[in-house]
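Everything on this sheet refers to the single structure shown next.
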């Protein structure tokens, strides 16, 4: 067990090392700076990790399905714009490095108010109340212009001239390291929370809220504290958003971002602590990377989400962790061939699907934008029959082939599980 | 102060026009092991739900150590020293056995909703949780998810979670239901051990268990108490024999 913990912490140290080094892998010697695109993507990953982790304090750890998590991210962002403006005018003597703490407190404050209402209920009723809160906040953001700035949002200049380390935050790289430091702090704090009485009782009320009452806890208070604290961390994420972009509009608290928090936590894996980080990195990559290549990237995110919910409810982390016992037993090799046999038709099917989606998209949006579909350097005529035929055959043929292969894969997997049974019960 | 741990006075419970509990009055002395028996649908579990605060009484009063508890929510009643188990196992199925017992100890050890206390440094809490594991013979299952335990082990865990907080009044709802003979014997042994110096109120169908454990038996039929007293007196009561125990006498 302790050896497992040790191994796990090495994974996290490696992730941190990669995060620290990543901008330098995209260093441009001509301009003498890191790639701006990569930097802003990495910074986005950091703040989205905080958002997804804090969302998972509700979804994965407390079994609360919230639909308004962006509210607290957004309020942290808006408040931070005002804090930065105050600081810039010399009315808030606080160094830049501590500003995100204020953002967090803003999130906490609002989460206490809304949490008081929402946590009166659980399950479906809770979800519905949070949906209402989210809509209420979007409306407020458009109505109360003094604080929210209406549709144009509010903006600031992050060069407030105060820093613990003498930094100006003129360059993206400094903002990135500030974000990384706060992401690390927030992630450590949230990890710590999972090992406190409140964190444990949140798990307990997720599993069986009724029993919680009969061991002396008020499940409503457990939900309330957990909700308020998750709002605190979401607020920190929003603060980093404000610092990075220097502008916050109602997008930062609207429903699509709440949905994104859910997607990231779920796709990454809500039952493992690190899952949401993985989800945040993946979704941000799709958002920044694939969106450059394709108009239909949201379709792919949607299909990925639906497939995960149906076939892998444990998320990516769940899939990885299912291999743990097999790896420990040294049996991973037995899965190599079955995996190849599943992957080949799987890739074929995905290619067919992507082909059809792209062809359709170029027929409409692409045509409107005057673009043409280019594959392997050659232009593809989207009005010809052949590309449509090839894509359809790939999709249907790959799908049919995959069904057959999945059957034999399942046999191999179940055989492995049976073989491993004795070892698992001994551990 | 009296010697009465739990007192029910003219308790009624109706769901709409359906009367489940009708004028039940009952005193349970401190340190007594009290069994409630009665045919299916007599209202035994409903009575437990009323006492533990899961349901509100329609009329009547319930007193725990002379303090009224019939208007309190379950967690407050629990904090006053009354703990219950469930007929259908009610545990935290994704948490390990160890975590289940630790959760059951937290409030009684004063941790409340603390989000600043690292659990892994709480030596006394860990020691008491481990002691519970030993007592319940669940130490070999320490890190198993509670939902994956065998049925008998889950029942043992259920009893363990009920007594972990150190409640003085314990309510056990059919603790041996669905168990084999050996498992029942073990469970009875466990209940005898853990209910020492405590007040025990239990619902049970297995007459062997009832006569083995109980000092006092109350017979509930259609929501009314038809007899209450020491086992021998209850067994000899003609009304009870007619309503319920006839089969036992023949055996």
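Chains as they are written, first to last, in the working numbering: chain A, 294 to 720; chain B, 1250 to 1500. All C-beta atoms, glycine included, are put in the ideal place defined by N, C-alpha and C.
Do residue j and residue i come within 9 Å of each other at the CB atom, strictly closer than that value?
i	j	result
residue 1255 of chain B	residue 1474 of chain B	no
residue 345 of chain A	residue 549 of chain A	no
residue 394 of chain A	residue 372 of chain A	no
residue 509 of chain A	residue 1414 of chain B	yes
residue 1294 of chain B	residue 507 of chain A	no
residue 351 of chain A	residue 520 of chain A	yes
residue 1344 of chain B	residue 1395 of chain B	yes
residue 646 of chain A	residue 688 of chain A	yes
residue 1258 of chain B	residue 1309 of chain B	yes
residue 562 of chain A	residue 610 of chain A	yes
residue 1452 of chain B	residue 1423 of chain B	yes
Go ahead and label residue i buried or exposed: buried means 16 or more other beta carbons lie within 10 angstroms of its beta carbon, across all protein chains shown.
i	result
residue 717 of chain A	Caution applies to residue 717 of chain A, whose pLDDT of 46 falls short of 50 and renders its modelled position unreliable; the value that the coordinates give is listed next. Exposed: under 16 other Cβ atoms inside 10 Å.
residue 1392 of chain B	exposed
residue 1356 of chain B	buried
residue 511 of chain A	buried
residue 1439 of chain B	buried
residue 1390 of chain B	buried
residue 719 of chain A	Reliability fails at residue 719 of chain A, whose pLDDT of 41 lies under 50, so the model's placement of it is uncertain and the value that follows must be treated cautiously. Its Cβ having fewer than 16 others within 10 Å, residue 719 of chain A is exposed.
residue 1498 of chain B	Interpretation of residue 1498 of chain B is limited by its pLDDT of 49, a score under 50 that renders its predicted location unreliable; the figure taken from the coordinates is listed afterwards. When all chains shown are included, residue 1498 of chain B counts as exposed.
residue 589 of chain A	buried
residue 1351 of chain B	buried
residue 1500 of chain B	Because the pLDDT at residue 1500 of chain B is just 41, under 50, the model does not fix this residue reliably, and the point stays unresolved.
residue 317 of chain A	exposed
residue 1399 of chain B	exposed
residue 768 of chain A	A question about residue 768 of chain A goes unanswered here, because the residues of chain A that appear run from 294 up to 720.
residue 661 of chain A	exposed
residue 1404 of chain B	buried
residue 691 of chain A	buried
residue 444 of chain A	exposed
residue 569 of chain A	buried
residue 479 of chain A	buried
residue 1335 of chain B	buried
residue 1315 of chain B	exposed
residue 294 of chain A	Residue placement at residue 294 of chain A is poorly supported in this model, since its pLDDT is 40, which falls under 50; the coordinates still yield a value, given next. Counting Cβ neighbours within 10 Å, residue 294 of chain A comes out exposed, since fewer than 16 surround it.
Taking Cβ-Cβ distances shorter than 9 Å, what residues in chain A pair up with residue i?
i	result
residue 1368 of chain B	488, 489, 490, 492, 493
residue 1344 of chain B	493, 496, 497, 500
residue 1410 of chain B	504, 507, 508
residue 1417 of chain B	Those within 9 Å of residue 1417 of chain B in chain A number zero; the least Cβ separation is about 14 Å.
residue 1340 of chain B	500, 501, 504
Determine which residues share a DSSP beta bridge with residue i and list them.
i	result
residue 1478 of chain B	B/1466
residue 1253 of chain B	B/1278
residue 1226 of chain B	Since the first residue shown for chain B is 1250 and the last is 1500, residue 1226 of chain B is missing from the structure and cannot be characterised.
residue 1451 of chain B	B/1284, B/1421
residue 1262 of chain B	B/1270
residue 1313 of chain B	B/1255, B/1316
residue 1308 of chain B	B/1261
residue 1473 of chain B	B/1470
residue 498 of chain A	According to DSSP, which records beta bridges pairwise, residue 498 of chain A is partnered with nothing at all.
residue 327 of chain A	A/320
residue 671 of chain A	A/668
residue 1332 of chain B	B/1419
residue 447 of chain A	A/541
Find the residues of chain B that neighbour residue i, judging by a C-beta separation of less than 7 Å, and give them in chain order.
i	result
residue 509 of chain A	1324, 1327, 1328, 1356, 1357, 1414
Residues of chain B with CB closer than 9 Å to the CB of residue i, please, in chain order.
i	result
residue 352 of chain A	By Cβ distance, chain B contributes nothing, its closest Cβ being about 14 Å from residue 352 of chain A, past 9 Å.
residue 522 of chain A	1364
residue 483 of chain A	Within 9 Å Cβ-Cβ: nothing; residue 483 of chain A doesn't reach chain B, min ~11 Å.
Between residue i and chain C, is the shortest Cβ-Cβ distance under 9 Å, so that the two count as touching?
i	result
residue 713 of chain A	Here the protein chains are A and B, and chain C is not one of them.
Can you pull the chain A neighbours of residue i, defined as C-beta to C-beta under 8 Å?
i	result
residue 1353 of chain B	508
residue 1301 of chain B	507
Determine the chain B residues that contact residue i at a beta-carbon separation under 8 Å, and present them in chain order.
i	result
residue 286 of chain A	There is no way to answer for residue 286 of chain A, as the model of chain A reaches only from 294 to 720.
residue 541 of chain A	The contacting residues do not exist; residue 541 of chain A stays about 28 Å from chain B at best.
residue 514 of chain A	1362
Mind listing the chain A neighbours of residue i? Cutoff is C-beta to C-beta under 7 Å, in chain order.
i	result
residue 1332 of chain B	507
residue 1348 of chain B	493
Item to complete: Would you check if the stretch 1444-1461 of chain B and the stretch 1262-1270 of chain B touch, i.e. whether three or more CB-CB distances between them fall below 8 Å?
Response: Contact fails: fewer than three Cβ-Cβ distances are below 8 Å.
Discussion item. Measuring CB atoms only, is the stretch 520-539 of chain A touching the stretch 1371-1384 of chain B, in the sense that at least three cross pairs come out at less than 8 Å?
Written reply: Counting Cβ pairs under 8 Å, fewer than three are found: no touch.
Discussion item. Counting beta carbon pairs with one atom in the stretch 702-711 of chain A and one in the stretch 665-680 of chain A, are three or more of them shorter than 8 Å?
Written reply: No contact exists between the stretch 665-680 of chain A and the stretch 702-711 of chain A.
Worksheet item: Can you find at least 3 beta carbon pairs, one from the stretch 414-429 of chain A and one from the stretch 355-362 of chain A, that sit closer than 8 Å?
Response: Enough Cβ pairs lie closer than 8 Å, so yes.
Worksheet item: Would the stretch 1357-1365 of chain B and the stretch 1426-1444 of chain B be scored as touching if the rule is three or more Cβ pairs under 8 Å?
Response: The way I'd put it, the stretch 1357-1365 of chain B doesn't touch the stretch 1426-1444 of chain B; fewer than three beta-carbon pairs between them come closer than 8 Å.
Worksheet item: Does the stretch 575-590 of chain A come close enough to the stretch 463-481 of chain A that 3 or more CB-CB pairs lie under 8 Å?
Response: Result no; under three Cβ-Cβ pairs closer than 8 Å.
Practice prompt. Count the C-beta pairs between the stretch 489-499 of chain A and the stretch 323-334 of chain A that are closer than 8 Å, then say yes if the count reaches three, no if not.
Written response: No, because fewer than three Cβ pairs between the stretch 489-499 of chain A and the stretch 323-334 of chain A fall closer than 8 Å, the two stretches do not touch.
Discussion item. Three or more C-beta pairs under 8 Å: does that hold for the stretch 386-393 of chain A against the stretch 549-558 of chain A?
Written reply: Fewer than three beta-carbon pairs drawn from the stretch 386-393 of chain A and the stretch 549-558 of chain A are found closer than 8 Å, and the two stretches are therefore not classed as touching.
Worksheet item: Taking three-plus beta-carbon pairs below 8 Å as touching, is the stretch 402-421 of chain A in contact with the stretch 375-388 of chain A?
Response: These segments do not touch.
Worksheet item: Is the stretch 513-527 of chain A touching the stretch 374-382 of chain A in the sense that three or more CB pairs, one from each, lie closer than 8 Å?
Response: At 8 Å Cβ cutoff, the stretches do not touch.
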